[in-house]
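Below is one structure, written out as structure tokens, with a few remarks after it.
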Amino acid sequence: MSTLGLVIDDRDYTAVLFDPETGQAETRQGPLAELDALSEWQRQSGARCAAILDAPMYFRRLTFPFAQPRKIRQVLPLQLDEHLPGPPEDFERHVMIGTRDGEGVADVLLVPARDAAQARSALLDAGILPRTMEPLGLVLADQAEPGQAVVLVGEWRTTIAWSDGNDASPSAATVPLGAGHLQDSAARANLAVRIVAMLPDDARHVALIGDASSLESLTPLLTARGIEVDPRVQADARHWLATFAARDLVGRRRPVWNLAPRRPLISPEIVQSGILQQVAAPFAALLVMIAVTVITGNHALLAEAGAARAEINEIYRRNFPDSRIVDPLRQMQAVVERAGTARTESEHMPVLQSLVTLHKSLPDDVQFQIDELRSGDGTWLLRGLADDYGTVDRIKAAAESVAAFRNVRVQRAEQTLDKAHVRFTLSWEEAG
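In structure tokens, the structure reads:
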């Protein structure tokens, strides 16, 4: 049976269809928006698909004075927040817990949540459901021998991967420098220094993967720093990865971290048949009833309400694109808000009044997302997402103009990983 290897990032895809009987391979590549062109190609060939997510990857190792896995998992979130390169909600993470010299160790792998979600959404929209979608770093780490690191020089970033010789736990991280930067001598030296700095203490041997020019320019710089270099593959990195996925990833051992999208509850074929349009109304009503029952019946599940609402809305959007029924997400939100207001009106009214006051004081062209609003002892805290720093300044100015607020401060403002938005925290005190 043919296999389809797919490498996907936030902009493009590269795919290789491999026939194990003939040994022939066919390559296709293009922008992510045209990924649906692969769907028919896969169906005609009957190929099983394995995908690799080419995204930034971060590695953090935390040590603990105790070795009990359960205890480590309990305290890990508090410890990890201090070591993240951004807000916790910006990452998907995989944790591997072990022991070294009697101490507990947690190796944490991080991938930007935006990259993973975008890849899953693109695959689902194209009707492609790979058996696996592994982060590029872990695919490389699986090829590393003890005492060795695998370094892949991509177009705009370099991935360093290794496998610990003690317990074979795979680890990887990326550097935002790649083949596209290496014409500059300072960038070459910078990349070599960062590769050496990220290598494990016992890894003095590097298997280098990339185009011939990149390998030729990096090898002497690494060798001068005491690293033994094996120019393993001199080829386009993405094409090599897609070919590797097609040949070796499908049907192999269960991946350490599988980011592949889950199969939809309702198959695309059934949706296309039009049958679901006839049951759109009762199906939507049932979703609303279930969600309202769960969310209002158990206060402990309120933390999961956001995810539940988003999933319901996504299911409805995919399966009933032409339905005239009111969006079930909005229906559910209205019912839940009415139920919550009826139960806790006195508790939440100050929050609503504060929101209304702030909203009225904002210019019409200022828009932002509110992630959290809470109060205690006369102090308010608002966390949200804005388009840029200028918008944050305008929100602060609007809050300062409200007579009921005093000591308005921006406690935090920093760009998200994709540089597209600014995550901020605003605080103020109740006046008088």
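In terms of the working numbering, the sequence shown opens at residue 22 and continues consecutively. Yeah, the Cβ is synthetic: ideal placement off N, Cα and C, and Gly gets one too.
Cβ atoms of residue j and residue i: under 8 Å apart, would you say?
i: Met154; j: Leu59; result: no
i: Ala224; j: Ala170; result: yes
i: Arg152; j: Val129; result: no
i: Asp257; j: Ala228; result: no
i: Ile230; j: Val174; result: yes
i: Leu402; j: Ser448; result: yes
i: Leu83; j: Leu56; result: no
i: Ser238; j: Leu203; result: yes
i: Ala419; j: Leu379; result: yes
i: Thr412; j: Phe426; result: no
i: Tyr79; j: Leu159; result: no
i: Arg105; j: Pro282; result: Here residue 105 is Leu; the residue named in the question, Arg, does not match the sequence. No.
I'd like the list of long-range same chain contacts for residue i, defined as Cβ closer than 6 Å, with 5 residues on each side in sequence excluded.
i: Ile118; result: Pro90, Ile93, Ala127
i: Leu220; result: Ala170
i: Thr24; result: Phe39, Ala68, Arg69, Ala267, Val271
i: Gly107; result: Leu438
i: Glu451; result: Gly399
i: Thr446; result: Arg404, Gln432, Arg433
State the CB to CB distance for the pair residue i and residue j, rounded to an integer number of angstroms; the pair is presumed to be in contact (CB under 8 Å).
i: Leu161; j: Ala193; result: 6 Å
i: Arg178; j: Leu198; result: 7 Å
i: Leu438; j: Pro109; result: About 12 Å separates the two Cβ atoms, so there is no contact after all.
i: Asp33; j: Leu53; result: 6 Å
i: Thr180; j: Leu157; result: 6 Å
i: Arg209; j: Leu243; result: Not a contact, Cβ separation roughly 10 Å.
i: His226; j: Thr48; result: No, His226 and Thr48 are not in contact; Cβ-Cβ is about 31 Å, not under 8 Å.
i: Pro86; j: Glu42; result: About 56 Å; that fails the 8 Å criterion.
Ordered along the chain, which non-local residues of its own chain (more than five positions away) have a Cβ less than 8 Å from that of residue i?
i: Arg415; result: Leu383, Pro384, Val387
i: Ala46; result: Val37, Leu38, Phe39, Asp40, Thr264, Ala267
i: Ala137; result: Leu74, Ala76, Glu113, Leu280
Does residue i come out as helix, strand or coil in the three-state DSSP assignment?
i: His104; result: helix
i: Leu212; result: helix
i: Ala67; result: Here residue 67 is Gly; the residue named in the question, Ala, does not match the sequence. Of the three classes helix, strand and coil, the one that applies to Gly67 here is coil, per DSSP.
i: Gln204; result: coil
i: Arg82; result: strand
i: Ser422; result: coil
i: Val387; result: coil
i: Pro221; result: coil
i: Glu61; result: helix
i: Leu130; result: strand
i: Gly51; result: strand
i: Glu435; result: strand
i: Ser192; result: strand
i: His226; result: strand
i: Gly123; result: coil
i: His442; result: coil
Please confirm if residue i has its CB atom under 8 Å from at least one CB of chain B.
i: Trp177; result: Looking for chain B here will not work: only one protein chain is present.
Q.
Just to confirm the assignment: which complete beta strand (DSSP E) runs, minimum length 3, are found wholly within the stretch 236-284?
A. Qualifying beta strand (DSSP E) stretches, in chain order: 249-255.
Q. Which whole runs of the alpha helix (DSSP H) in the stretch 144-182 are 4 residues long or more, in chain order?
A. Fully enclosed alpha helix (DSSP H) runs of 4 or longer: 157-162.
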